[in-house]
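A short write-up of the structure that comes next.
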Amino acid sequence: MGLGEPALAVDLPGHGRSAWRDDGDYSPRRNAATLMPVLRELAPARSWWSACRWAG
Numbered sequence: 024m025g026l027g028e029p030a031l032a033v034d035l036p037g038h039g040r041s042a043w044r045d046d047g048d049y050s051p052r053r054n055a056a057t058l059m060p061v062l063r064e065l066a067p068a069r070s071w072w073s074a075c076r077w078a079g
């Protein structure tokens, strides 16, 4: 990226190449609960995080 820092892009469930959820729950709260362990594992220093919203 422009700042010379590593970047991480994550497909949320039901988006990109990720599988659909059996229960159909794609709420922001559920997506955040899914994403937090990934961010903690792969970006523990978290000098900054960014997110993208989608319309639907």
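Taking my numbering, the leading residue of the sequence shown gets 24, the next gets one more, and so forth. Positions of the beta carbon are idealized from the N, C-alpha and C atoms, including for glycine.
What is the rounded straight-line gap between the Cα of residue i and the Cα of residue j?
i	j	result
V61	E28	18 angstroms
R44	R63	22 angstroms
R52	D34	16 angstroms
L26	A56	28 angstroms
L58	A32	11 angstroms
L65	N54	17 angstroms
Does the beta-carbon distance from residue i to residue j come in below 8 angstroms?
i	j	result
P36	A30	no
In chain order, what residues of the same chain lie with their CB nearer than 8 angstroms to the CB of residue i, ignoring the 5 residues before and after it?
i	result
A68	none
What residues in its chain sit with their C-beta under 6 angstroms from that of residue i, if we drop five residues either side in the sequence?
i	result
R46	In the sequence as displayed, the identity of residue 46 is Asp instead of Arg. So the list is empty, once near-sequence residues are dropped.
Y49	G37
R40	D34
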